[in-house]
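The structure under discussion appears below in the form of structure tokens.
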Amino acid sequence: MTGMTGKKILVTGGTGQVARPVAEALAAENDVWCLGRFGTPGVERELRERGITTWRWDMDDTGEHALKGLPEDFTHVIHSAVRRGEDGDFNAAFEVNSVAAGRLMTHCRTAEAFLYVSTGALYARQTLDHRYTESDPVDGVADWLPAYPVGKIATEGAVRAFARVLGLPTTIARLNIAYGPGGYGGVPMLYFKRMLAGEPIAVPRTGQNWCSLLYTDDLVAQVPRLWDAASVPSTLVNWGGDESVGITDCVRYIEELTGVPAQLVPSDVTRETYQFDPTLRRALTGPCEVTWRDGIRRTLEALYPDHMSR
């Protein structure tokens, strides 16, 4: 599925929506290690059952001995772990995320490629239907989680610096919305949970928020190609699907599939999303294989089969 064999791969954030399916897919033909706290009961055992080596690491431990004892001979790294900043502590988000990335890159400085998972939420907001490119300005403003994109900007700076200083080929991939049957299902399933609970979903007063949904299968398939694209200085790419998807359209499609009504409430404050221009990413990885409607249907069938009406 991934086309990679015989590599030694380090994955952080390996219990999450993005990196876990990557780790599990790569483990079939590679030596995969997952770093993390493994706070969810049973998750470490589940990873080990898939042939993955687990190693305890807390990003909050920014000391120089935090990675002591971890092998250094990894050929590829995907760094997806993040301190999101739910506590609103901007300084901690800067410190923890940027130092952890620097420590990890230094530890794995002999790797063939390093992939840092950033976010599209750092772009300066333009019109709802603007298609963001890698050269668009950033400002890190996100009312729904203020410290998150600013921490990502700080960490991108650290990653760019360490890539140059260490000569470590690196790709910075600004992720859009990843979704699929694994984990909690991604943002579309968060909306479906609100629908099931009869809770309102805030939408813009005019138009709709747009995004570039990326289904799990496509995400997993693209990781080796993003490693292939790694360079010094770092390669920067927007990482999303090929199609532009309106969030309101997505919610209405979930309504159609499940028969569960959505309460869409016009508001001045919504969970803003961003659609990407996929030109560069397609040049690096090739096209996606799963359409967004098919991906939503597969995800609902896997996670909420009893709610499927057709």
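Anchor point for the sequence shown: position 281 equals 281 in full-length UniProt numbering, and the numbering is continuous, going up by one each time. No residue lacks a Cβ here, since even glycine has one placed at the ideal position from N, Cα and C.
Item to complete: Measure how close the beta-carbons of residue 93 and residue 147 come, nearest whole angstrom, since I'm counting them as under 8 angstroms.
Response: 4 angstroms
Worksheet item: With 16 other CB atoms within 10 Å as the buried threshold, where does residue 79 fall?
Response: buried
Item to complete: Return the residue from the list 37, 22, 7 that minimises the CA-CA distance to residue 29.
Response: 7
Fill in: DSSP three-state assignment for residue 30, whether helix, strand or coil
coil
Worksheet item: Among 107, 154, 130, which has the Cα closest to the Cα of residue 119?
Response: 154
Worksheet item: How big is the Cα-Cα spacing for residue 88 and residue 59?
Response: 17 angstroms
Practice prompt. Can you check DSSP and say which residues form a bridge with residue 248?
Written response: Note: residue 248 sits in no beta bridge, so no partner.
Worksheet item: Which first and last residues belong to the beta strand (DSSP E) in which residue 239 is found?
Response: 235-239
Worksheet entry | Among 55, 297, 204, 42, nearest to residue 181 - alpha-carbon criterion | 297
Worksheet item: Should residue 233 go down as buried or exposed, given a rule of 16 or more other Cβ atoms within 10 Å for buried?
Response: exposed
Worksheet item: Does the pairing of the segment 204-217 with the segment 168-180 give three or more beta-carbon distances under 8 angstroms?
Response: yes
Worksheet item: If you check the beta carbons only, do residue 245 and residue 264 fall under 9 angstroms apart?
Response: no
Worksheet item: In or out: residue 156 buried (at least 16 other Cβ within 10 Å) or exposed?
Response: buried
Practice prompt. Write down every uninterrupted run of the alpha helix (DSSP H) in the segment 43-122 whose length is 4 residues or greater and which is fully enclosed by it, in chain order.
Written response: 43-49, 90-107
Fill in: Cβ-based burial, residue 193 [other Cβ within 10 Å; buried from 16]
exposed
Worksheet item: Of the choices 107, 47, 230, 95, whose alpha-carbon is the least far from that of residue 117?
Response: 230
Worksheet item: Hey, would you say residue 12 sits closer than 9 angstroms to residue 40, going by beta carbons?
Response: no
Item to complete: Tell me, please, whether the segment 201-210 touches the segment 161-172 by the rule of three or more beta-carbon pairs shorter than 8 angstroms.
Response: no
Worksheet item: If you draw a straight line from the alpha carbon of residue 19 to that of residue 34, how long is it in whole angstroms?
Response: 9 angstroms
Worksheet item: What is the DSSP secondary structure of residue 132, reduced to helix, strand or coil?
Response: strand
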